[in-house]
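Below you'll find the structure, written out as structure tokens, and then a few comments.
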Amino acid sequence: MTAIRRAALLAGVPLMIIALTGVPARAHGAPTAPLSRAAECGPDGRHRTGPACAAAIEASGGGKLDWDNLRVAGVNGKDRQKIPDGKLCSAGLSRFAGLDLPRGDWPTTALTPGAAFTFTYRTTIPHKGTFRMYATNEGWSPTSGLHWGDLPAEPFLSVTDPPIRDGAYVMNGRLPKRTGRHLIYTIWQNSSSPDTYYSCSDVDFGAAPAAAPLPSSPAPSAGPAPSESAAAVAPSSEPASEPAVVDAAPSAEALRRTSGTGAALPITAGAVGLALVAGLGAWARLRRRRTGT
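When the letters of the sequence shown are read in order and numbered with mature numbering (1 follows the signal peptide of the UniProt record, and there is no 0), they come out as residues -29 to -1, 1 to 264.
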């Protein structure tokens, strides 16, 4: 075997390995629950021909999106310093620039605020590492893009080396309490490689529950119909007279007269008076007879 043929054979070995194993050298993973923009607009995405994905693919150069290869090397946990503000979904990579488009028609995953949820992250090449998930602050709008200021300082879920089931990392957690449209930002920092992966998943937590109606004031109850006697008595327009003041304490004279034999004094005095009047009358008649008048 000549040196030229030997060199050609050795050069083709890597290509043969890739062809036989079917493992792409640049494939690693992306969120599938909730579904990320990259996976949604990838070759097998359900809405890759929809208006949002079509615009994203065009803004990313027009080729197919490497949905499982959105990664940046050498970040080492300094995400907010290394990833440009406003370009979080693309991680600042031009071939994913369309994922940063501020649009209100990105497909969403319906979620229940505060509920338990099983997150899945499809993997094509497993790695060790930590997943951190953030939810946009209340009031965020998909038409304003994603900035670091839209995310809280701490993730609502952090999981290191979760198990792989059916080709995906599986992580159980609880969703944050939000209402309406939001975005879950997933950072997967590898510990077995220098790479960190970034993903944006559009979600909808639904409308806020309607406030309970305030209890209505009870209507004033109708009083009983006035009786005929009450209706006949019309209120006087004259001001009421001052009430009489009654002294409840009996006088000393009354107490004296009602004690002992004093109770008979009024009767005796009356009898004496009658006798005196009768005597005076008789004396007057006798005098008239004597005088002849």
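Here a beta-carbon is modelled for each residue, glycine too, at the ideal position from N, C-alpha and C.
On the DSSP bridge list, what partners appear for residue i?
i: PRO2; result: TYR92
i: VAL174; result: THR80 and HIS153
i: LEU128; result: MET104
i: GLN160; result: THR101 and THR167
i: GLY143; result: Checking the displayed sequence, the identity of residue 143 turns out to be Asn instead of Gly. BP columns for ASN143 point to THR89.
i: VAL46; result: VAL46 is not bridged to any residue.
i: ARG136; result: ALA139
Measuring only the C-alpha atoms, how far is residue i from residue j?
i: ARG93; j: VAL141; result: 9 Å
i: ALA181; j: GLY45; result: 47 Å
i: LEU36; j: GLY120; result: 27 Å
i: ASN161; j: PRO97; result: 10 Å
i: ARG66; j: ASP39; result: 13 Å
i: ARG51; j: SER112; result: 20 Å
i: GLU125; j: GLY110; result: 18 Å
i: THR107; j: ALA26; result: 23 Å
i: ALA86; j: PRO5; result: 14 Å
i: TRP159; j: ARG17; result: 24 Å
i: GLY100; j: GLY32; result: 30 Å
i: THR91; j: THR150; result: 22 Å
i: VAL(-7); j: THR95; result: The predicted model places VAL(-7) with a pLDDT of 36, which falls under 50 and marks its position as unreliable; any figure quoted below should be read in that light. One C-alpha to the other measures close to 8 Å.
i: GLY144; j: ILE155; result: 13 Å
i: LEU59; j: LYS49; result: 13 Å
i: ALA139; j: GLY(-1); result: 8 Å
i: GLY21; j: ASP15; result: 13 Å
i: ALA62; j: SER163; result: 20 Å
i: ARG19; j: ALA179; result: 30 Å
i: GLY13; j: CYS24; result: 9 Å
i: SER7; j: CYS171; result: 5 Å
i: TYR169; j: LEU41; result: 6 Å
i: ALA34; j: ASN47; result: Correcting the residue type first, residue 34 is Gly in the shown sequence and not Ala. Approximately 30 Å, taken between the alpha carbons.
i: THR167; j: HIS153; result: 23 Å
i: LEU64; j: LEU146; result: 29 Å
i: SER115; j: ALA9; result: 19 Å
i: LYS148; j: VAL43; result: 30 Å
i: PRO165; j: LYS53; result: 14 Å
Since residue i contacts residue j with CB under 8 Å, what's their CB separation in whole angstroms?
i: PRO2; j: THR157; result: 5 Å
i: LEU128; j: MET104; result: 4 Å
i: HIS118; j: GLY57; result: 5 Å
i: PHE88; j: VAL130; result: In fact, because the Cβ distance is near 12 Å, the residues do not count as touching under 8 Å.
i: GLU29; j: PRO78; result: That belief does not hold up - the Cβ atoms of GLU29 and PRO78 are roughly 17 Å apart, past 8 Å.
Is residue i near the ligand ADP, in the sense that its beta carbon is under 7 Å from a heavy atom of that ligand?
i: GLY45; result: Looking at this structure, you won't find the ligand ADP or any other ligand, since it has none at all.
Flag this pair as touching only if the stretch 163 to 177 and the stretch 80 to 88 have three or more C-beta atom pairs under 8 Å; answer yes or no. yes
Is the stretch 129 to 136 touching the stretch 63 to 75 in the sense that three or more CB pairs, one from each, lie closer than 8 Å? no
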